[in-house]
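Residue numbers (the working numbering): 58 to 1292. Even glycine gets a Cβ: it sits at the ideal position worked out from N, Cα and C. From a predicted model like this one, the values you see are computed outputs, not experimental measurements.
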């Protein structure tokens, strides 16, 4: 069993061992394979791990590549976007650097302009700013060489918005806007044309509260605006601002606690909001404010400038003519402003982001880069649009500029008419009214396809329309001045057919003369005219004129000088060539025959001005009714018609006649007539309210009688304008010229004048027409004759006023009512009277002392009126009387024989051409008043034009202030040493030695010392003002203006002697007066052998001294003595001893006649001889006597040619002719004639 088992087991064991050995071998192989497998697996794992790493790295690199690509794109975009800015920023950086360097000086100049120069004109601002820049450079303070306020403190985007808001687009207006917006003081706008007013209203819109001091409850509105921090505009401020606003103007704000602020107004405390803003506006063109107001407010001169107005008018004209052009222009302006705003905002955002960006991560700042891309795209788009807009703008401007001459014409006309208020307060014209008539003119212009022709037509119609509108509201005396202003302005612009020369123009206006020059032609040429000739020879082209007159052809020039109408006669020698250049011939007339200047000037205007006759004779052939109806067409419910009254004018009847024809006018139904006076203001307001509602006509007469109420009337008319009156409502106003009438009423009104006719013939026609044919035919033949003589007398009394002081010492309001009432008295006396003898004495008394004499207050004028009546009212009138008194056959016109009405009308038309002989005056009297008219005319023209003109060739002229400064120094040098030691002289004489004459001369020295003291004080003060060491006061400014205009300043007139001389001649006369006083001071006990009483302040005192001496010597009563005159045959130089009785006097000139030294009597003047010097006169004292000597003319003596109120004494002059002749001739002696 064992064996079996062993045998069985043994092989099995052997097989087992072998199997186990195989197993071990296999297992070893397996282990080896497993090891090998593990190595492979490990290798695969390592490879897989390496693959994953490489894959991750690849992905990371791909991401980095993509990010780099993106950042590269961003960098390219950033570099590209900023690349275009580099050049501009470099330039800006350079500019900012330069501005930073000049910042100190520029800010200093800007501050000075804002603080001090707002009230001045653009030219003065520029000159002053430039002088400040030069001053700073002299002190090595940096400042811009070409200073511009706009460049320093202005923002173009803001300025463009202002322009859109109706601020005029000119330098001055933009500077005004900058000053207003930057000033810390309240702005006070001098704004008569409402330029600044409209801009402020447009700019602030509904946020602005507007009020006037004339409104009810205005103070409550001010307080409300202050409390809520509102914006307040106070309009129409006068030269004084209500004192209750003093705390507001001075910003007297009190701080309470941390934030609360209060202000006291009228004693009450109210809350003050710091946001409160105040604007003040004045319509006055040249107001004068107290220094306190000037310190509290920034006064800004918003008066429209020529350039600014020209641009505005251009827009108006183009808007009517080519509305599409103006719309495109306005759209372009708005669009370009929007472009500027957009670019500015984008640039600000970009710079903000760039400054805030981190340089390390700037490429990752997507909003910055995207914003830069947007900015660049927008900039490119805007650049394209700007270029397109600029091209369009050039095209538009080219088309608009074709209308530029029309705009220039309009601007020139407006600046002409606003100067007229310096002549007469009533001549006020607003820009709104001007624009209204400008549009009317454009509508009335005949159309034309040719643009150039259309432009010429527009200029012509606008000029005539504006001229006619203004001319109808001017007095006759001022119409030539206005027409001359227009012509001279066109002349200066070289718009006429003659070449303009500034030197010629200045000579025509100012007529400067050489004083004290010896006159070789004194036999026929006055010294003043020779002085003018000498000055004329200084002009180019006239160098030989004086020589030709003096040496080559004096007789031929004398003949020309004595021509009745020298302007129509050819000048001698080669000077006849001046007929081809009429303006130069005017210069000769100005020098030699100023009495013919106004007529010659009018004729020159007729010929040189396009359609000149239409201007000079404007409305000449139209009746007042036609003019009124024409003006009525231009009126509206808000545009009153204003009648500026003159003596004898009555527009009411014409208005009523027109109303009856147009609207069946009926008083009390649709028409109200109120004559203003005490208690009528309430009635007038009630009638205005009715007319406003119902469309009635309201006539308010004589509103000048209630100047305070006129302010209420202006407020009422303002309310009506806001409430929209009934379309048929019309207001008619009438007033005498008065400064009490508010400018606002005058500016809105259409002004008309209706003066009595000019000339004897026209006046006689109108006077005789006062009596109807039926009434006249019913009268007795005697009544007809006297009535005709009364009409003639009435015409003489009306027309005599044109001769000035030779005609009347005063002006009197004679009217048709005087003639009508005198005629009624005549009827009462003679109608039904059976008396054969006419009561001439009664009629003369009633006419001369009551009817006409009731107006007359001067005794010498009353004497003249009496002599006229003595001449006409006598029996010879009933037959045939010479109607030209004392003409000695030089002119004749007989009274008509009694007959029917038609015969008198026919006789009136036979009246010879008008002559001074009609008035009993010498033909020279016409020269006198025409010369005076010439002087008045050119004085006004000098005042309005400044008296200086550019010659057009670039030469500079001195400013008015520089001329005044030179004049100030010259006069001061002349008088500063003048002083009379009256105290020393008085002490040097004993009481016994002091007689009436000594007291007179001591008094004269005191007067002279007072005058010289005031002159020195005022001139030295003015010098300090010129140097800037004193603020220029109104008195200093008036003195400077007077010096420039060569007029006597007010205080010199008050303290000085009576004189009508211009300043240069007055200065010479002052030296002469001082010389006479010097002679007396050197020998005070003896008066001069011959006293020149024309050189005394008070010549009456010397004549009284003569009477006092007579009293002392003869024991007579002073009040019973009078001065008698005895004319000698000697000149002052021929007197070798003092008068034994009375005193010898000289310095008297006879006007209206001459003194025949051979016959020792009065004679008619020689032609063109206005004054003749009297020989030495012996003035004696004697008892008064009522005895009338028919061979003696009682001649009034006056200090100056203006006569009253400078009467001295009545002199006795021998005469062969009736003394009445010299009374009617206006003969008087004058002490100091203007030379």
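Straight-line Cα distance separating residue j from residue i
i: residue 1206; j: residue 1230; result: 4 Å
i: residue 307; j: residue 298; result: 12 Å
i: residue 738; j: residue 1092; result: 38 Å
i: residue 1009; j: residue 560; result: For residue 1009, the predicted model reports a pLDDT of 38, less than 50, meaning its position is unreliable and no value from the coordinates is stated.
i: residue 452; j: residue 390; result: 14 Å
i: residue 747; j: residue 753; result: 7 Å
i: residue 1165; j: residue 1051; result: 13 Å
i: residue 815; j: residue 658; result: 19 Å
i: residue 1263; j: residue 1257; result: 7 Å
i: residue 492; j: residue 663; result: 27 Å
i: residue 1148; j: residue 947; result: 40 Å
i: residue 1005; j: residue 478; result: Model confidence at residue 1005 stands at a pLDDT of 44, short of 50, so the residue's coordinates are unreliable and nothing is read from them.
i: residue 1208; j: residue 1290; result: 10 Å
i: residue 425; j: residue 129; result: 15 Å
i: residue 444; j: residue 777; result: 50 Å
i: residue 1137; j: residue 1130; result: 11 Å
i: residue 527; j: residue 474; result: 8 Å
i: residue 1011; j: residue 178; result: For residue 1011, the pLDDT reaches just 39, beneath the cut-off of 50, and the residue's location in the model is therefore unreliable, although a value from the coordinates is still provided. Roughly 21 Å separates the two Cα atoms.
i: residue 836; j: residue 927; result: 23 Å
Terminal residues of the alpha helix (DSSP H) in which residue i lies
i: residue 413; result: 380 to 413
i: residue 1111; result: 1107 to 1112
i: residue 848; result: 838 to 856
i: residue 358; result: Looking at the DSSP string, residue 358 is not in any alpha helix (DSSP H); the run it does join, the beta strand (DSSP E), is 354 to 358.
i: residue 657; result: 654 to 665
i: residue 492; result: 488 to 501
i: residue 185; result: 179 to 195
i: residue 897; result: 897 to 902
N- and C-terminal bounds of the beta strand (DSSP E) containing residue i
i: residue 318; result: 317 to 322
i: residue 266; result: 265 to 269
i: residue 239; result: First-last for residue 239: 228 to 239, but that is the alpha helix (DSSP H), not the beta strand (DSSP E).
i: residue 1230; result: 1228 to 1230
i: residue 334; result: 334 to 339
i: residue 992; result: From DSSP, residue 992 is part of no beta strand (DSSP E) but of the alpha helix (DSSP H) over 981 to 1002.
i: residue 1220; result: 1218 to 1220
Which residues DSSP lists as bridging residue i, in chain order
i: residue 1238; result: 1180
i: residue 788; result: 755
i: residue 1250; result: 1270
i: residue 515; result: In the DSSP output, where bridge partners are listed per residue, residue 515 has none listed.
i: residue 810; result: 701
i: residue 326; result: 321
i: residue 930; result: According to DSSP, which records beta bridges pairwise, residue 930 is partnered with nothing at all.
i: residue 1287; result: 1206, 1255
i: residue 244; result: 355
i: residue 292; result: 269
i: residue 310; result: 320
CB-CB length for residue i against residue j, believed under 8 Å
i: residue 373; j: residue 290; result: Not quite, the Cβ-Cβ distance comes to about 25 Å (not below 8 Å), so this is no contact.
i: residue 952; j: residue 1122; result: The pair is not a contact, with the Cβ atoms about 46 Å apart (cut-off 8 Å).
i: residue 812; j: residue 703; result: 5 Å
i: residue 225; j: residue 369; result: 6 Å
i: residue 516; j: residue 688; result: Wrong, their Cβ atoms sit about 23 Å apart, outside the cutoff.
CB contact below 8 Å: residue i versus chain D
i: residue 533; result: Going by chain labels, chain D is absent from the structure shown, which holds only one protein chain.
Whole beta strand (DSSP E) runs in the stretch 684 to 741 with 3 or more residues, listed along the chain?
-> Counting only runs of at least 3 residues, the stretch 684 to 741 fully encloses the following beta strand (DSSP E) elements, listed from N- to C-terminal order: 698 to 701, 728 to 732.
Complete beta strand (DSSP E) runs within the stretch 518 to 577 (minimum length 3 residues, chain order) | none
Give, in chain order, every unbroken run of the alpha helix (DSSP H) that is at least 4 residues long and sits entirely within the stretch 1058 to 1115.
-> 1091 to 1102, 1107 to 1112
Counting only runs of 3+ residues fully inside the stretch 1119 to 1201, write out the beta strand (DSSP E) ranges in chain order.
-> 1147 to 1149, 1178 to 1184
4 or more residues per run - each alpha helix (DSSP H) lying fully within the stretch 444 to 485 | Every alpha helix (DSSP H) stretch that sits fully inside the stretch 444 to 485 and reaches 4 residues is listed by chain position as 461 to 474.
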